[in-house]
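Colleague: Next up is a structure, given as structure tokens.
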Amino acid sequence: MKKLGLIIILALIINTYSTVTHVRAEEEEIAVEEVVVTATRTEQEARMVPGKTEVITAEVIGTSGVTTVAEVLMKEGIVISSYGGASGTATVQLDGADATETLVLINGTPANTGCSGEVDLSYFPVAGIKRIEVSHGPLSALYGANALGGVVNIITDLTGETQSNVSISGGDFDTKDLGFTLQRERWGLAVGGSKTDGHRKRSATDKYYLLGQYDFIQSEDEYLSLYWQYLTKDSEVPGLETYPLEAAEQGEENASLNLNGKSFWLNGVWEYKLFGQTLDLKYDDDGPIPDHARHRAANYGCDLAGLYHLGQHELLSGLMFKTSEFDSTLSGKHDLENSGVFLQDDWEIQRGLNLVSGIRWDYSSKYSSPVTPRIALVKSLSEYTTVKLGYGKAFRAPTINDLYWDQPAYGMYGNEDLKPEEGERYEIIQEWRQGSQGLTVSFFQSYLTNGIRWDDPEGDFTYTVVNIDKLRTYGAGIDWKNTWQNRYTCRLGYQWQDERAWDSSTGSYTIDRNFFGSNHFNLGFSVKSGPWQSGLNWKWVQNRMNQGSTKMPDYHTGDFNLGYQVNVQWRVMLAVNNVTNEQYAIQNGYPLPGREMKLSLNYQF
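No gaps in the numbering here: position 502 of the sequence shown is 547 in our numbering, and each next residue is one more.
Okay, here's the thing in structure tokens:
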């Protein structure tokens with residue numbers, strides 16, 4: 046309750062300040078109302094969609110000095126589970142939900158999670174990204190499986206005004222990056238890569254990417270676009286600090302081909318997606334205990350949704366079908382079929398009062414799937430203030446590894462009888478936006494049943510995957526952002542959450558599961574002055590536990606960037622990550638880099 050009280054007090058202070066300065070804000074350039082698509086799968090003003098949605102723009106990404114999606118999200122205060130530097134995996138965690146419970150989309154299509162159910166964002170480039178939308182809360186009613194914590198939607202666009210761009214950078218740990226982007230009115234291409242020796246012994250990493258887009262139809266109301274993506278990552282695997290690996294290597298290839306379209310048909314607006322994806326993950330360790338594994342996954346499918354307006358109702362309905370093929374040395378060969386149908390109604394009860402409700406039914410050939418509803422009431426209290434109340438259910442599907450893992454040498458086995466994890470969440474959110482200033486205060490409470498985890502039920506060191514976890518999470522947060530004179534921008538955020546697992550011996554939620562910290566403070570400040578631009582991001586994380594229920598140390602880090610626009614064509618930037626040289630790890634035993642400097646040069650022609 047003390048944490049909630051602190052948030053309320055901060056909200057009142059900032060809101061008072063905002064009221065005092067509203068006249069000044071009106072004198073400045075009025076910001077264009079932000080439009081988002083992820084929370085409802087339709088274009089809506091951000092303040093009128095259910096739940097909390099954060100938007101990371103191309104401008105923010107371009108001035109941050111980062112090269113991967115994982116780095117962008119981390120700088121913006123999103124929790125990233127990192128196994129240390131460029132060589133380690135980096136996955137997103139929203140509001141206490143782990144990586145298998147957080148859905149990642151690329152242009153509205155779920156990214157290939159392979160056999161593990163996770164998306165490694167450490168080698169997803171920022172080239173061509175138009176914006177990233179982060180929608181919090183249960184969204185299985187729209188997207189199906191694995192949207193318990195929320196959805197991260199990476200929206201790209203390589204087309205536009207004719208131009209080309211070359212970027213080159215170098216920095217500590219012998220890091221080198223090179224990228225080339227070709228942009229035309231109807232098509233675009235991006236190619237690049239990076240090499241680094243890494244901050245630990247045997248952590249060298251090579252990453253390459255090839256991205257493309259061709260627009261067959263391009264108008265204000267209709268489009269038909271083909272996207273292709275090929276990403277690779279090859280890295281040495283250093284292992285735990287206490288148990289280093291001397292010969293382990295891992296390689297990953299990720300390819301996709303998507304056709305996205307929108308057209309008017311049968312008096313409605315229809316969006317459709319056809320997609321094909323492949324993921325190939327290889328692990329080889331020729332050390333004292335040899336270990337070799339390969340996991341391949343391929344997805345093919347379609348997604349169709351139609352939007353109709355009937356009086357004060359905006360009705361969206363759709364269906365999805367996906368077939369998957371898996372071939373793993375540890376989980377075997379398996380085929381999987383998934384399908385789903387959904388319906389959503391956005392009802393404008395009266396001006397400024399909307400009721401958004403939806404429901405989805407999913408089918409899987411390997412496991413039972415629950416029906417997932419969602420309902421939210423969005424009330425505009427004034428021109429600037431909105432209150433949102435919401436409730437929803439969501440589920441996480443068992444992965445192929447969960448179902449079929451077979452590793453007798455380590456006494457580890459999957460479980461074909463697993464049920465999906467099921468979660469529900471209640472939330473209340475207040476948003477205030479005026480001009481370029483905004484304030485969001487949020488509270489949520491969520492529950493998870495049938496949680497999937499490894500367990501040794503007989504105590505004989507034979508581990509299997511079981512439905513055993515019950516979790517309860519309380520969360521609250523405050524986010525404030527303001528821009529003055531189109532030059533100075535300040536962002537302040539505080540997130541608190543308390544995640545507890547059920548303890549059968551006490552009959553209550555008492556087991557601490559705050560693996561990534563229960564207190565997150567984030568502060569960002571940027572300045573534009575003529576050809577100069579600079580920014581500082583700082584975060585402080587408190588009250589963390591590791592998987593063994595041992596307290597981990599708090600940490601705070603800061604990142605700094607300084608850019609100079611030499612002329613229309615040339616731009617130079619200095620980026621310094623972890624300026625205080627903090628020694629810390631997000632995952633116990635996998636330290637992150639200390640202070641790291643990188644100098645970049647960008648040429649546009």
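Every residue gets a Cβ at the ideal spot worked out from N, C-alpha and C, and that includes glycine.
What is the DSSP secondary structure of glutamate 104, reduced to helix, strand or coil?
Modeller: Sequence index remark: in the sequence shown, residue 104 carries index 59 (1-based). Of the three classes helix, strand and coil, the one that applies to glutamate 104 here is helix, per DSSP.
Colleague: Between valine 314 and leucine 360, which are expected to be in contact by the criterion C-beta below 8 Å, what is the C-beta distance as a whole number of angstroms?
Modeller: By 1-based counting over the sequence shown, the position of residue 314 is 269. By 1-based counting over the sequence shown, the position of residue 360 is 315. So it is not a contact: roughly 11 Å between Cβ atoms.
Colleague: Could you please give the first and the last residue of the uninterrupted alpha helix (DSSP H) stretch that includes aspartate 447?
Modeller: Along the sequence shown, one-based indexing puts residue 447 at 402. From DSSP, the alpha helix (DSSP H) with aspartate 447 extends over 445-449.
Colleague: Going by beta carbon distance, what residues of the same chain come within less than 6 Å of glutamine 475, once the five residues before and after it are set aside?
Modeller: Translated into the one-based positions of the sequence shown, residue 475 becomes position 430. If we look at glutamine 475 and ignore the five residues flanking it on each side, its Cβ neighbours are Val432 and Val486.
Colleague: Across which residues does DSSP place proline 155 in a beta bridge pair?
Modeller: Position 110 of the sequence shown, counting from 1, holds the residue named residue 155. Leu150, per the DSSP bridge assignment.
Colleague: Straight-line CA distance for histidine 358 to alanine 186?
Modeller: Numbered from 1 along the sequence shown, position 313 holds the residue referred to as residue 358. Numbered from 1 along the sequence shown, position 141 holds the residue referred to as residue 186. Distance between the alpha carbons of histidine 358 and alanine 186: 18 Å.
Colleague: Check whether the region 78-98 touches the region 526-539, counting contact only when three or more Cβ pairs, one atom from each stretch, lie closer than 8 Å.
Modeller: Segments in contact, no.
Colleague: If you draw a straight line from the C-alpha of alanine 340 to the C-alpha of alanine 235, how long is it?
Modeller: Walking along the sequence shown from the start, residue 340 turns up at place 295. Walking along the sequence shown from the start, residue 235 turns up at place 190. Before going further, note that residue 340 is histidine rather than alanine in the sequence given. If I take the Cα positions, the gap works out to 27 Å.
Colleague: Who are asparagine 591's beta bridge partners in DSSP?
Modeller: The count along the sequence shown starts at 1 and reaches residue 591 at position 546. Paired residues: none, contrary to the question.
Colleague: Quick check on alanine 338: does DSSP put it in helix, strand or coil?
Modeller: Position 293 of the sequence shown, counted from the first residue, corresponds to residue 338. Strand, per DSSP.
Colleague: Where alanine 521 and serine 126 are concerned, what is the direct C-alpha to C-alpha distance, given to the nearest angstrom?
Modeller: Taking the sequence shown and counting its residues from 1, the one referred to as residue 521 is at position 476. Taking the sequence shown and counting its residues from 1, the one referred to as residue 126 is at position 81. Distance between the alpha carbons of alanine 521 and serine 126: 20 Å.
Colleague: Hey, how far is the Cα of leucine 255 from the Cα of tyrosine 288?
Modeller: The residue labelled residue 255 in the question sits at position 210 within the sequence shown. The residue labelled residue 288 in the question sits at position 243 within the sequence shown. About 36 Å.
Colleague: With DSSP collapsed to three states, give me the class of lysine 318.
Modeller: Working through the sequence shown from its first residue, we reach residue 318 at position 273. In this structure, lysine 318 counts as strand in the three-state DSSP scheme.
Colleague: Is the region 202-209 touching the region 629-647 in the sense that three or more CB pairs, one from each, lie closer than 8 Å?
Modeller: Because the criterion of three Cβ pairs below 8 Å is not met, the region 629-647 and the region 202-209 do not touch.
Colleague: Could you pull the start and end residues of the alpha helix (DSSP H) that methionine 93 belongs to?
Modeller: Here residue 93 refers to the residue found at position 48 of the sequence shown. Premise fails: methionine 93 is in no alpha helix (DSSP H) and is neither H nor E.
Colleague: Could you pull out every residue in the same chain whose Cβ sits closer than 7 Å to the Cβ of isoleucine 101, ignoring the five residues on either side in sequence?
Modeller: Counting from one through the sequence shown, the residue named residue 101 turns up at place 56. Closer than 7 Å at Cβ, skipping near neighbours: Val117, Glu121, Arg176 and Ile177.
Colleague: What do you reckon, are the CB atoms on threonine 147 and glycine 194 nearer than 8 Å?
Modeller: Within the sequence shown, the letter at position 102 stands for residue 147. Within the sequence shown, the letter at position 149 stands for residue 194. Contact: yes.
Colleague: Going by the CB atoms, is the gap between glutamate 281 and serine 132 shorter than 8 Å?
Modeller: For the purposes of this step, residue 132 is taken as the residue at position 87 of the sequence shown. For the purposes of this step, residue 281 is taken as the residue at position 236 of the sequence shown. Going by C-beta atoms, serine 132 is nearer than 8 Å to glutamate 281.
Colleague: Is there a Cβ from chain B that is less than 8 Å from the Cβ of proline 335?
Modeller: In the structure shown, chain B cannot be found, because there is only a single protein chain.
Colleague: Can you round the beta-carbon distance between valine 510 and aspartate 447 to whole angstroms, since I take them to be within the 8 Å contact cut?
Modeller: Walking along the sequence shown from the start, residue 510 turns up at place 465. Walking along the sequence shown from the start, residue 447 turns up at place 402. Sure, about 5 Å apart at Cβ, within 8 Å.
Colleague: According to DSSP, what are the bridge partners of asparagine 512?
Modeller: The residue you call residue 512 lines up with position 467 of the sequence shown. Asparagine 512 pairs with Ile497.
Colleague: Going by DSSP in three states, serine 369 sits in which element: helix, strand or coil?
Modeller: Reading the sequence shown from its first residue, position 324 is the one you call residue 369. Serine 369 falls in the strand class under three-state DSSP.
Colleague: Quick check on DSSP: helix, strand or coil for leucine 203?
Modeller: As a position in the sequence shown, residue 203 is number 158, starting the count at 1. Three-state result, leucine 203: coil.
Colleague: Report the rounded CA-to-CA distance for valine 385 versus leucine 398, giving the unit in angstroms.
Modeller: Reading the sequence shown from its first residue, position 340 is the one you call residue 385. Reading the sequence shown from its first residue, position 353 is the one you call residue 398. First, the amino acid is wrong: residue 385 is glycine here, not valine. Each residue's alpha carbon lies about 30 Å from the other.
Colleague: With 16 as the cutoff for other CB atoms within 10 Å, does glutamate 316 come out buried or exposed?
Modeller: Position 271 of the sequence shown, counted from the start, is the residue given in the question as residue 316. Result: buried.
Colleague: Enumerated in chain order, which unbroken segments of the beta strand (DSSP E) with a length of 3 residues or greater are wholly contained in the region 211-263?
Modeller: Within the region 211-263, the complete beta strand (DSSP E) runs of at least 3 residues are 220-228, 232-241 and 250-263.
Colleague: Tell me alanine 439's beta-bridge partners as DSSP assigns them.
Modeller: Your numbering for residue 439 matches position 394 in the sequence shown. Gly468.
Colleague: With DSSP as the reference, label phenylalanine 135 as helix, strand or coil.
Modeller: As a working mapping, residue 135 is identified with position 90 in the sequence shown. Rather than phenylalanine, the amino acid found at residue 135 in this sequence is alanine. In the structure shown, alanine 135 sits in a strand (DSSP, three-state: E or B).
Colleague: With respect to the beta strand (DSSP E) encompassing serine 185, which residues constitute its N-terminal and C-terminal limits?
Modeller: Here residue 185 corresponds to residue number 140 of the sequence shown, with the count starting at 1. Element bounds for serine 185: not the beta strand (DSSP E) but the alpha helix (DSSP H), 185-188.
Colleague: Give the single residue among Gly130, Lys307, Gln89 and Val80 whose Cα lies nearest to the Cα of glutamate 641.
Modeller: As a working mapping, residue 641 is identified with position 596 in the sequence shown. When each option's Cα is compared against that of glutamate 641, the closest is Gly130.
Colleague: Work out the CA separation of valine 81 and threonine 87 for me, nearest whole Å.
Modeller: Here the question's residue 87 lines up with position 42 in the sequence shown. Here the question's residue 81 lines up with position 36 in the sequence shown. Going by the C-alpha atoms only, they are around 8 Å apart.
Colleague: So which of Val624, Leu434, Thr528 and Gly159 has the shortest CA-CA distance to leucine 422?
Modeller: For the purposes of this step, residue 422 is identified with residue 377 of the sequence shown, where counting begins at 1. It is Leu434 whose Cα lies nearest to the Cα of leucine 422.
Colleague: Span of the alpha helix (DSSP H) holding leucine 118?
Modeller: Within the sequence shown, residue 118 is the residue found at index 73, counting from 1. Run containing leucine 118: 114-120, per the alpha helix (DSSP H) assignment.
Colleague: Could you say if the region 298-305 and the region 264-276 meet the contact criterion of at least three C-beta pairs nearer than 8 Å?
Modeller: Verdict: yes, contact present.
Colleague: Is alanine 84 helix, strand or coil by DSSP?
Modeller: In the sequence shown, residue 84 corresponds to position 39, counting from 1. Coil at alanine 84, not helix or strand.
Colleague: Determine the extent of the beta strand (DSSP E) in which glycine 403 is found, giving its start and end residues.
Modeller: In the sequence shown, the residue the question calls residue 403 occupies position 358. Residues 398-409.
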